[in-house]
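There are 2 protein chains.
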Amino acid sequence: MNNTPLRIEQYATVLFNTNLNPRGIPDSVTRAIKENIETISMYPDIYYSKLKTAVAEYVGEPLDNIIMGNGSTDLLKLFGALLMPKKAMIVYPGPMEYARVLNDYSAEVVFYELKDENEFILDVNDFVSQLTSDMDMVIISNPNNPTSKKISLEDMKTLAGACKERGIFLVVDEMYIEFVENYKEITAIQLIDEFDNVAVMRSVSKFFAVPGLRFGYAVMNNPEFKEIIERITTKNNIASLTALAITNMFKDTEYINESISTIHTERSLVYLAMSTSRSIHLYKPDANFMLVKLLKDDITSAEVAKHCSQRGVIIRKCDDIKGLSNKYIRFCFMNPKQNDLMVNTILEIV
Amino acid sequence: MNNTPLRIEQYATVLFNTNLNPRGIPDSVTRAIKENIETISMYPDIYYSKLKTAVAEYVGEPLDNIIMGNGSTDLLKLFGALLMPKKAMIVYPGPMEYARVLNDYSAEVVFYELKDENEFILDVNDFVSQLTSDMDMVIISNPNNPTSKKISLEDMKTLAGACKERGIFLVVDEMYIEFVENYKEITAIQLIDEFDNVAVMRSVSKFFAVPGLRFGYAVMNNPEFKEIIERITTKNNIASLTALAITNMFKDTEYINESISTIHTERSLVYLAMSTSRSIHLYKPDANFMLVKLLKDDITSAEVAKHCSQRGVIIRKCDDIKGLSNKYIRFCFMNPKQNDLMVNTILEIV
């Protein structure tokens, strides 16, 4: 164990299970917070003009289409309170938080299975055929977690239209969208003007590596709903340092571009390096993480995870995720040297 | 104007209208944030164990009785969502935010007038005689703003009991409580074990001078309501830096004790200094601010505020507050020299 040449540092632990951008907190943000701590002695601007403008410019939408909240779950709860869904559909394997939030609103949750034999890629026509007009809400993530599969703009448009016809509100969770190649071409934000039943939810937690800030935003173009949201949400719930941090990070194009470039490269390299093994199956990743199936009968995800953790490589075993089992692991792409260690450590044991 | 000897500094502006502790942000907090910025790269502990323990210790209550949110308005909205009040009573003059939040929940708002001839002190028996069992909610602040009048524990107990009998939930807003002399003897937190229809709401904005942090907490002992709150609130909505800051500030006994001592002294001195004037009436303050009535026919609060602002003294004219008029001003107590300037500037013109 100690003679592995690629081991970066004795006992150094690298979190391949959090799906955070390996660049870490943007320097621009650390600096802005350090230099402006005294802003906590002032009430935030109740309209959050600067913050909202920064978000609007980042997504290329008018200010009126932006909704902001304390993290994605907060926004999801907001949509729950807005729609009070009686019946909702989500896909699995997928983010486990959706069902929890829907349960909080006593909604009946209908599950749609993404098929392993189809590489967990959404078959939009089959999915649409399962939609019924007694449903109020569909929540879907693009790209999906833990499968790391994106949905094309065309498929999303089909879905949005089918939902609209049946009076279903569609929430698209784009928490990992910036990691997808040419993501601006697939974001569902492009659909909101045509479909007032679509809201796109975004987070800064993963791409900007700042989950501690608790900030999320959503984009939609539905004046009626926006009026209700205005009424039911707390006006000044975002801390002034958070507002400042977000305003700065959205303008940090160097961080944004270099992060995208790093992830694209590392995704390709890790995929290539691991595709030589016959004892695992790789689901080709679109996001900053990859799902892998263990093909040998005599090995479990717990064993792989344990072996990895002894080298400081913390991966996600997926046995608690609906639709997966103790034969699946997931890990994100970190920095080059860390990825080398991760790939070698996994290949050693599988 | 330029030869006023007490003028601290040319053009220096002092905000006597925000009711913030003049000590400003605790140094312990500034330091903690600066040294721990990297915590924003981690998800906050979903149970906020350290934070909740610090709050619980600060108020002397078990963890289970603590509710936390993004500022007082957020908590008020939470109680609104919890109770969905059809009819609620508030007093005036009082905080203007209550009616706005109640309107958001489409509650009928009944107003109870605090009488000027009674020095705006609450006559609890008269107030209680106005309560009817079709009411769901009473919101009252202790001490009250803008009157700066406290409610005794005995009176609050009478009120809590009367509410309980009529099935009314009582929210006591103690945003300014730490500024009241021997505040631990009057806090309604002492009543929650006896009255499960009472919630006490607190803020850190005013006493710790950190409104930008957006943190508020409430204390109540009602297992049924707490279960609903667990379900409808977002779990991890408090930013990690905010959690860290609050945890530190509640343990900063030096800041707490010195702030209390400063405000007590300044309140007495300002009151004494201004009580010599026959052209104003002082409502004896219990909090860190004072309401004053202008007695001369030919002067308005706008004129006084304008004169003051030319010396950098920003006070609150109260013409937009229900129950008051353009004959009332309000200001808080700042540091000794600043207060000297403020007193002199006001006395010059009234």
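In order, the protein sequences belong to chains P and G. Be aware that the first sequence starts at -1, since it is given in my numbering, and climbs by one per residue. Be aware that the second sequence starts at -1, since it is given in my numbering, and climbs by one per residue. Backbone N, C-alpha and C fix where the C-beta goes; we use that ideal spot for every residue, glycine too. Every value quoted in this text rests on a predicted model; they were computed, and no experiment measured them.
Note down the Cα distance separating residue i from residue j, rounded to an integer number of angstroms.
i, j, result
"residue 87 of chain P", "residue 124 of chain G", "54 Å"
"residue 219 of chain P", "residue 294 of chain P", "49 Å"
"residue 73 of chain G", "residue 278 of chain P", "50 Å"
"residue 156 of chain P", "residue 231 of chain P", "31 Å"
"residue 203 of chain P", "residue 202 of chain G", "26 Å"
"residue 333 of chain G", "residue 52 of chain G", "28 Å"
"residue 283 of chain P", "residue 12 of chain G", "57 Å"
"residue 170 of chain P", "residue 164 of chain P", "17 Å"
"residue 143 of chain P", "residue 300 of chain P", "20 Å"
"residue 347 of chain P", "residue 192 of chain P", "50 Å"
"residue 42 of chain P", "residue 32 of chain P", "17 Å"
"residue 182 of chain P", "residue 61 of chain G", "46 Å"
"residue 56 of chain G", "residue 252 of chain G", "14 Å"
"residue 110 of chain P", "residue 145 of chain P", "14 Å"
"residue 63 of chain P", "residue 138 of chain P", "20 Å"
"residue 158 of chain P", "residue 200 of chain G", "44 Å"
"residue 154 of chain G", "residue 136 of chain G", "12 Å"
"residue 270 of chain G", "residue 235 of chain P", "39 Å"
"residue 10 of chain P", "residue 257 of chain P", "23 Å"
"residue 23 of chain G", "residue 54 of chain P", "32 Å"
"residue 130 of chain P", "residue 75 of chain P", "23 Å"
"residue 306 of chain G", "residue 345 of chain G", "10 Å"
"residue 273 of chain P", "residue 328 of chain P", "15 Å"
"residue 259 of chain G", "residue 285 of chain G", "13 Å"
"residue 70 of chain P", "residue 335 of chain G", "47 Å"
"residue 341 of chain P", "residue 288 of chain P", "12 Å"
"residue 118 of chain P", "residue 147 of chain P", "7 Å"
"residue 317 of chain P", "residue 48 of chain P", "44 Å"
"residue 4 of chain P", "residue 16 of chain P", "The predicted position of residue 4 of chain P is uncertain, since its pLDDT is 48 and thus under 50; a value taken from the coordinates is nonetheless stated next. Straight-line Cα distance between these residues: approximately 22 Å."
Name the one or two DSSP bridge partners that residue i has.
i, result
"residue 87 of chain P", "P:108, P:136"
"residue 167 of chain G", "G:135"
"residue 328 of chain G", "G:289, G:314"
"residue 218 of chain G", "G:197"
"residue 64 of chain P", "P:217"
"residue 76 of chain G", "DSSP, once it has assigned bridges, lists no residue as partnering residue 76 of chain G."
"residue 35 of chain P", "None; residue 35 of chain P has no bridge partner."
"residue 281 of chain P", "P:289"
Rounded to whole angstroms, how far is the Cβ of residue i from the Cβ of residue j, which I believe are closer than 8 Å?
i, j, result
"residue 141 of chain G", "residue 174 of chain G", "5 Å"
"residue 321 of chain P", "residue 96 of chain P", "Residue 321 of chain P to residue 96 of chain P, Cβ: 13 Å. No contact."
"residue 105 of chain P", "residue 126 of chain P", "Wrong, their Cβ atoms sit about 20 Å apart, outside the cutoff."
"residue 28 of chain P", "residue 35 of chain G", "5 Å"
Determine the chain G residues that contact residue i at a beta-carbon separation under 8 Å, and present them in chain order.
i, result
"residue 40 of chain P", "209, 210"
"residue 256 of chain P", "Chain G residues near residue 256 of chain P: none, gap ~17 Å exceeds 8 Å."
"residue 23 of chain P", "35, 36, 38, 39"
"residue 72 of chain P", "232, 235"
Below 7 Å between beta carbons: does that hold for residue i and residue j?
i, j, result
"residue 268 of chain P", "residue 206 of chain P", "no"
"residue 168 of chain P", "residue 122 of chain P", "no"
"residue 14 of chain P", "residue 313 of chain P", "yes"
"residue 349 of chain G", "residue 99 of chain G", "Beyond the ends of chain G as shown, which are -1 and 348, falls residue 349 of chain G; an answer cannot be given."
"residue 189 of chain G", "residue 149 of chain G", "no"
"residue 291 of chain P", "residue 315 of chain P", "no"
"residue 226 of chain G", "residue 80 of chain G", "yes"
"residue 242 of chain P", "residue 30 of chain P", "yes"
"residue 178 of chain P", "residue 198 of chain P", "no"
"residue 85 of chain P", "residue 132 of chain P", "yes"
"residue 263 of chain P", "residue 311 of chain P", "no"
"residue 26 of chain P", "residue 255 of chain P", "no"
"residue 38 of chain P", "residue 233 of chain P", "no"
"residue 185 of chain G", "residue 213 of chain G", "no"
"residue 83 of chain P", "residue 134 of chain P", "yes"
"residue 237 of chain P", "residue 303 of chain G", "no"
Quick one: which chain G residues come within Cβ less than 7 Å of residue i?
i, result
"residue 237 of chain P", "210, 211, 212, 237, 240"
"residue 15 of chain P", "Per Cβ cutoff of 7 Å: no residues; residue 15 of chain P is ~12 Å from chain G at best."
"residue 229 of chain P", "102"
"residue 28 of chain P", "35"
So with CB distances below 9 Å, who are the chain P contacts of residue i?
i, result
"residue 37 of chain G", "210"
"residue 31 of chain G", "31, 32, 35, 38, 239"
"residue 84 of chain G", "Ordered by position in chain P, no residue passes the 9 Å Cβ test against residue 84 of chain G, which lies about 17 Å from the chain."
Which chain P residues are close to residue i, counting only those with a beta carbon under 8 Å from its beta carbon?
i, result
"residue 69 of chain G", "232, 234, 235"
Do residue i and the ligand GTP come close, with the Cβ less than 6 Å from some heavy atom?
i, result
"residue 48 of chain G", "Looking for the ligand GTP in the displayed structure turns up nothing, as the structure carries no ligands at all."
At a CB-CB cut-off below 7 Å, which residues of chain P make contact with residue i?
i, result
"residue 75 of chain G", "232"
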